[in-house]
Amino acid sequence: MAGAAKRIILDTDPGIDDALAILLALASPELNVEALTVVMGNCSTAQGVSNALGVLELAGAGNIPVAPGLDRPLLQPLLTAPETHGHTGLGYAQLPPPRRHPANQHAVDLLIERIMAAPGEITVVAIGPLTNLALAIRREPALLQAICEVVIMGGALRHEGNTTPLAEFNVYVDPHAAHIVYHSGLPLTLVPLDVTYQCILTQADVERLLALDSPITRFIADATRFYMEFHDEYQDIQGCVINDPLALALTFAPDLVETRPLHVTVDTHSPLSLGKTMADFYGAWSKPPNMQVALKVQARRFIELFLERMETLARRLK
Ligand code: RIB
Ligand code: CA
Numbered sequence: 447m448a449g450a451a452k453r454i455i456l457d458t459d460p461g462i463d464d465a466l467a468i469l470l471a472l473a474s475p476e477l478n479v480e481a482l483t484v485v486m487g488n489c490s491t492a493q494g495v496s497n498a499l500g501v502l503e504l505a506g507a508g509n510i511p512v513a514p515g516l517d518r519p520l521l522q523p524l525l526t527a528p529e530t531h532g533h534t535g536l537g538y539a540q541l542p543p544p545r546r547h548p549a550n551q552h553a554v555d556l557l558i559e560r561i562m563a564a565p566g567e568i569t570v571v572a573i574g575p576l577t578n579l580a581l582a583i584r585r586e587p588a589l590l591q592a593i594c595e596v597v598i599m600g601g602a603l604r605h606e607g608n609t610t611p612l613a614e615f616n617v618y619v620d621p622h623a624a625h626i627v628y629h630s631g632l633p634l635t636l637v638p639l640d641v642t643y644q645c646i647l648t649q650a651d652v653e654r655l656l657a658l659d660s661p662i663t664r665f666i667a668d669a670t671r672f673y674m675e676f677h678d679e680y681q682d683i684q685g686c687v688i689n690d691p692l693a694l695a696l697t698f699a700p701d702l703v704e705t706r707p708l709h710v711t712v713d714t715h716s717p718l719s720l721g722k723t724m725a726d727f728y729g730a731w732s733k734p735p736n737m738q739v740a741l742k743v744q745a746r747r748f749i750e751l752f753l754e755r756m757e758t759l760a761r762r763l764k
C-alpha cells in the first residue's frame, strides 16, 4: 500500500517556473502541500504572494496557506528578474485578483511553527533565494534536527551562471543566506543549473498541453510564452528551462537524478565571483560533504512526467 503523502512546504519566489512547480506539487498525489512561504526574487514578495494565491486558486487549492516572507536579502540590495518573468512575475499569464488573503503569519514563523509541530515529517522545497530559510534556522536552531529534508533549486557548479557568468539567480540574490543554509548541517539536496538546464520545455510540449483546453493549460501557455521569448533572446535556447519543477519532482521521484555527496560553499566576498556556488569535486579542502548534489538527470523522462501530470490536473479542472 502506498505510504502516507510526503508533507512539504514550498519556499518560493513565484515566478514562472515556480508556478509550474506549484502546479506539479498539486498534481502529485505523493505530496501534501502544507503551505507556501514566499520570498523576494523573480518579483517582489508582495507580487509573489499575489501570484501564489492566484495559482493556488486557479488549481482549486485555495485552502493552502500562503505566508509572506522577507522582502529583501540579508545584505545584498534587492534584485528582481522582470526581464525573465515579466513585470507581474507570471509572464503573459493574467490571473484574476486572488479572493483570499495571505496567512496572518510571517513565513519564518510559519516555517518554525509547522516544522516544530511535526519533527522529522516536513520536507522544505526551496526554489527561490534562501533568505526565509536562513532566518528560520537562525531564529530556531532546533529546526536543524526537526526538518526532514531540504531540496534546493540553486547554484551552478560546472555550468555557467544565469545571472553573472558564474552565479545562479537564487544564490546570487542572497549569497549570505545561501552560505548560512549550505553550512547549517541540514540534510540538503542541491539541484543546480548543471541538471536543470537539461530540462527544456519546448513549444511542442506546450502545444501538446493545449490540446486539452483548460484554464491550467492556457495559464501554462501564457506564462511560458514570455519565458521562452526570454530564453531565445538572452540564451539562444528554443524553449524554456523549468528549473523549479525538477527540484520539486525529486521529492517523489528522486531517481530522476544521480546525486553525489560533496562539500559545497558559496562566495560571499569577491566582486567578480559573488554568489558562485563551488563544489570540491577533488577533495582539495579535505572537508566533509555538506550536501547531496544532483549531477545527472533523466531530462526527457522528467519532462514527460511533468506533461502527464499537467494533463491530469487540467482534466480535473476542465
Ligand atoms: O536560477 C533559476 C532560479 O531562479 C529559479 O528558481 C527561478 O525561478 C529563479 O528563482
Ligand atoms: Ca524560483
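Mapping to the working numbering: the sequence shown position 35 is 481, numbers consecutive.
The C-beta atom is built at its ideal place from N, Cα and C for all residues, glycine as well.
Small disclaimer: the values here were computed from a predicted structure and weren't measured.
{"Check": "Test item: CB-CB of L632 and L590 under 8 angstroms", "Outcome": "yes"}
{"Check": "M599: CB within 7 angstroms of a non-hydrogen atom of ligand 1", "Outcome": "yes"}
{"Check": "Residue of T758, A602, Q493 minimising C-alpha distance to D659", "Outcome": "T758"}
{"Check": "CB-CB length for L516 against T577, believed under 8 angstroms", "Outcome": "4 angstroms"}
{"Check": "Member of T610, N736, R654 whose CA lies at the smallest distance from the CA of T711", "Outcome": "N736"}
{"Check": "Check: D690 C-beta below 7 angstroms from any heavy atom of ligand 1", "Outcome": "yes"}
{"Check": "Same chain only: Cβ atoms within 8 angstroms of R747, ignoring 5 sequence neighbours per side", "Outcome": "L702"}
{"Check": "Element boundaries [alpha helix (DSSP H), containing V652]", "Outcome": "649–656"}
{"Check": "Other residues of its chain near M447: CB distance less than 8 angstroms, five sequence neighbours each side excluded", "Outcome": "Bear in mind that the predicted position of M447 carries a pLDDT of just 42, short of 50, making it unreliable; the figure below should be weighed with that in mind. Hits under 8 angstroms: none found."}
{"Check": "Exposed unless 16 or more other CB atoms sit within 10 angstroms - verdict on N608", "Outcome": "buried"}
{"Check": "Exposure label - L524; buried when at least 16 CB within 10 Å", "Outcome": "exposed"}
{"Check": "Candidates G600, G729, H547: closest to T458 by CA position", "Outcome": "G600"}
{"Check": "Burial state of G729, where buried means 16 or more other Cβ atoms lie within 10 Å", "Outcome": "exposed"}
{"Check": "Whether C645 touches A745 by CB criterion (8 angstroms)", "Outcome": "yes"}
{"Check": "Bridge partners - L806, DSSP secondary structure assignment", "Outcome": "Only positions 447 to 764 of the chain appear in the structure, and residue 806 is not among them; the question remains open."}
{"Check": "Stretch-stretch touch, CB-based, cutoff 8 angstroms, three pairs: the region 719–733 with the region 453–473", "Outcome": "no"}
{"Check": "Sequence-distant residues of the same chain with beta carbon closer than 6 angstroms to G500, five excluded per side", "Outcome": "L541, P544"}
{"Check": "Burial state of R761 (16 or more Cβ within 10 Å)", "Outcome": "exposed"}
{"Check": "Inter-residue Cα distance where the pair is C686 and P460", "Outcome": "16 angstroms"}
{"Check": "F615 CB to nearest heavy atom of ligand 1 below 7 angstroms", "Outcome": "yes"}
{"Check": "Range covered by the alpha helix (DSSP H) that runs through E614", "Outcome": "E614 -> no alpha helix (DSSP H), and no H or E assigned at all."}
{"Check": "Own chain residues within Cβ distance below 6 angstroms of M756, not counting five before or after", "Outcome": "L655"}
{"Check": "Selected residue, minimal CA-CA separation from A498, among T530, N478, R546", "Outcome": "R546"}
{"Check": "Limits of the beta strand (DSSP E) - the one that I598 falls within", "Outcome": "595–599"}
{"Check": "Proximity of Q738 and L639 at Cβ, strictly below 8 angstroms", "Outcome": "no"}
{"Check": "Nearest-angstrom beta carbon gap, L763 and I598 [assumed within contact, 8 angstroms]", "Outcome": "Going by Cβ atoms, the distance from I598 to L763 rounds to 30 angstroms, so no, they are not a contact pair."}
{"Check": "Span of the beta strand (DSSP E), counted from its first residue to its last, around R706", "Outcome": "703–708"}
{"Check": "Where the beta strand (DSSP E) through T723 begins and ends", "Outcome": "723–725"}
{"Check": "Buried or exposed (CB count within 10 angstroms, at least 16 for buried), I462", "Outcome": "buried"}
{"Check": "Neighbour-count burial assignment, P773, 16 or more Cβ in a 10 Å radius", "Outcome": "The structure shown has nothing for residue 773, since the chain only spans 447 to 764."}
{"Check": "Contact set for T569: own chain, Cβ-Cβ below 8 angstroms, skip 5 residues either direction", "Outcome": "K452, R453, I454, I455, I593, C594, E595, V596, V597, T697"}
{"Check": "Extent of the continuous alpha helix (DSSP H) to which P528 belongs", "Outcome": "528–531"}
{"Check": "Alpha-carbon to alpha-carbon, S490 and L753", "Outcome": "29 angstroms"}
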